[in-house]
Every structure is written in structure tokens, then in C-alpha cells.
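Scroll down for the structure; my scribbles are underneath it.
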Amino acid sequence: MCSTILTYSILLSQFILIIQAGNCFYNRAIDVCYGVSELDTTEEQCTGSYYSGDALQVLDGHAYAENCRDVNVLPKRCDADCGLGQECQYINGEEMCVCSEESCTSSTKTNQQPLCASNNMTFQSKCLMEAWKCSNHQSALYVKYEGECQKDCRNVKCGHGKICLLVKNTGEPMCYPKAHCKPSLNPEPVCGTNGVSYPNICAMRLSRDQRGYTPEVAHKGSCENQCRPGLCQSYELCVYSKHLRPVCIRCQYPPRFFTHSGECSMNVSVCGNNGMLYKSYCSLLLDQCHKKESINIIDYGQCPTMKSKQIRTNKFNYLNQLTDYKMN
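Numbering (mature numbering (1 follows the signal peptide of the UniProt record, and there is no 0)), first residue to last: -21 to -1, 1 to 307.
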């Protein structure tokens, strides 16, 4: 086949015939390719060892091309659709998808907005998040909300039908779909630790403050003024809050609670309104039962230093008020 083409070429010109196409070769001498493998082909289709994009030249019955190079010096075109954060590359002769931040710089992927991921890292685009997710084998990573990561809900903008709440055991803002809260599952009224009566738990959980804090359930039913038999469940203890309101705190937990519950899964320190910094929300739950007092979270990571003295003063006043209240 190759000799037929060369004979035809020589008949057209006894000197030099130039064919405008890239060609594949078996051999190379210095910067010249010879020993044709495929004529008029792309580098991706080349089965020889060398390739030249220069015009094929034939002289004295021998075909050659200048500017010869090894095959695969230039990346082959890879057509597989790998999705965000990855790109297609030829590896050992096969198309493969590999993690790539560089793929996020293409014009079709640059119009992205910063976002906060579920690992509390801010990424400048969803593509970069997907690239990091791929490189670090974090398949569960997802977008929490648009914009840079925040410490509370004051600057978090959630989409339609969602509300920003703080995750109880970590203090992280999250956009919670309101539709996930179904009043029909718990239709009974409850009293919140803020002293407000709610028609159901769902209504209470969606009544957060500006920072995203939500009240806890003080007890079932409308708010009452004092502890009484039957107000709390058998596994709960009735104590008084710093505002002298009855609160039912849990003092019995299943054996697997401390090893498998969400409250204990993250060791994020929390500051209680008693001025103490706890290793985790779970530690706070245990200590309020041990101390027989209701303890609410006022901050995460550390206790506000400017408020420490005031917290201790409030606690002292609360104990005096509680003693006077019980005596009367």
C-alpha cells in the first residue's frame, strides 16, 4: 500500500512532492522522520513511534518529514465528559478522568460564585470544590450555602423555602428546608427554654434568633411556672432555669448514645451560660444532669471573655433567687 502511494507520487514529480498533512513514522534520524507508518493522519491515530506535522517530502523514492518528534509529546484529545473538577487524559493509552483544578479555569466554568462547603471550607466556585472533593476522596462533600463560610446566620442567605439554623453540636450555620419540618409528626404543644409556648416542636425549631440559635424543649404542653409530678418523662429531671422556669433535662440515655449519637460525634467545644467551656455538646448534656441545672449554649469554641464575670455574677444571683423562691 505504502509503495503504491510512493510510486504514484514519483510519477507526479521526479523531484519533490509536498503533501499537506501530518504523518506518522517508524524511524527518526536527528530531526527527520522516515519509514512511514500512516499518511495523512492525526497524532492520536498514529501507531508508529514518531510524528511530524510538517509536509511529507519525497526525494529519490524515500518519504520523510522534518521537525520530527516522539508521539504523545503533545497531549491527545480526550473526549470523555468527566464533569466538574475533573478532566479527561490519556493514561497508558486509555481515556481516564482525573481530578483537576486546572479544568476549572476554562471559560465555561469561570462564572461561578463563592460557596461554603459542608467541611466549612470556602471555595471560589463549585468546580474548585468538586476538584478538591475528587483529590481528597471526600464523596460526601456538598454545598451548604452560597457565599463565604460564616460563623453564624447573620450573613447567610438561604434560597427559597429554606431557613438558616445553627447545628446544635457544632454551631455551624446550615440552610434547612422548612418542608422537612412536619408539624403532623409532633402535633402537641411544647414550651421552649425561652419561656414561649409553641403549637408544636416544628414551630419552635423554626423560631430562631438572628444568629440562628433556636430554643430547646423545656417541657411538653404550654409553659408552666413550677415543677410538678408528671410534667417530665420518667427518664427526665425537672430543674429550674436561670429565669426560674421549669425545664425537663434528660438524665438517662441508651448505651449507644455516647458512641453513635450526633451530639457526641463532633468534639466542638461549647460555652454554657454557666460560664463553663465544655469539650462537646454531649459533655454539656451530661453536666447539666450532674449539676441538676439547665445549661444553655451561648457560644462555640470559646467562652466570651468579656462576659465571664457577668456570667458568674448572674449564676450567683440565680442561685440566691432560686433559694428564696423555694423558701417562699
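Just so you know, even glycine gets a beta-carbon here, dropped at the ideal spot from N, CA and C.
| query | Who are the near neighbours of Tyr177 in its chain, counting only those whose CB is closer than 8 Å to its CB and skipping five residues on each side? | reply | For Tyr177, where only same-chain residues beyond five positions count, the Cβ hits under 8 Å are Pro168, Val169, Cys170, Gly171, Met183, Ser186.
| request: Answer with yes or no whether the minimum CB distance from Asp278 to chain D is below 8 Å. | output: Here there is only one protein chain, and chain D is not present.
| task | Could you tell me the distance, in whole angstroms, from the CA atom of Cys282 to the CA atom of Leu256? | result | About 6 Å.
| task | Report the option in Ile228, Thr84, Asn98, Ser118 whose CA atom is closest to the CA atom of Leu107. | result | It is Thr84.
| field | Contact set for Glu215: own chain, Cβ-Cβ below 7 Å, skip 5 residues either direction | value | These residues qualify, in order along the chain: Cys227, Ile228, Arg229, Cys230.
| field | Endpoints, the beta strand (DSSP E) within which Met255 is located | value | Met255 -> no beta strand (DSSP E), and no H or E assigned at all.
| Hey, quick one: how far does the alpha helix (DSSP H) through residue 326 stretch, first residue to last? | Lying outside -21 to 307, the shown extent of the chain, residue 326 is not represented and no answer is given.
| query | Would you call Pro194 buried or exposed, if buried means 16 or more other Cβ atoms sit within 10 Å of its Cβ? | reply | Pro194 is buried by the Cβ-count criterion.
| message | Please report the straight-line C-alpha distance between His269 and Met75, rounded to a whole angstrom. | response | Straight-line spacing of the CA atoms in His269 and Met75 works out to 58 Å.
| request: Pull up the distance between the alpha-carbon of Asn275 and that of Pro156, whole angstroms please. | output: The straight-line gap from Cα to Cα measures roughly 25 Å.
| message | Does Glu45 come out as helix, strand or coil in the three-state DSSP assignment? | response | Residue state, collapsed to three classes: strand.
| query | How many Å lie between Gln65 and Ser213 at the Cα? | reply | Within the model, the alpha-carbon separation for Gln65 versus Ser213 is close to 55 Å.
| request: Run the CB neighbour count on Asn246, radius 10 Å, all protein chains shown included, and call it buried at 16 or more, exposed below. | output: Exposed is the call here.
| Where Ser85 falls: helix, strand or coil (DSSP) | Annotated three-state conformation of Ser85 is coil, per DSSP.
| task | Determine the DSSP secondary structure at Leu263, reduced to helix, strand or coil. | result | Looking at Leu263 - three-state DSSP - the assignment turns out to be helix.
| request: Can you check DSSP and say which residues form a bridge with Glu17? | output: In DSSP, Glu17 forms a bridge with Cys3.
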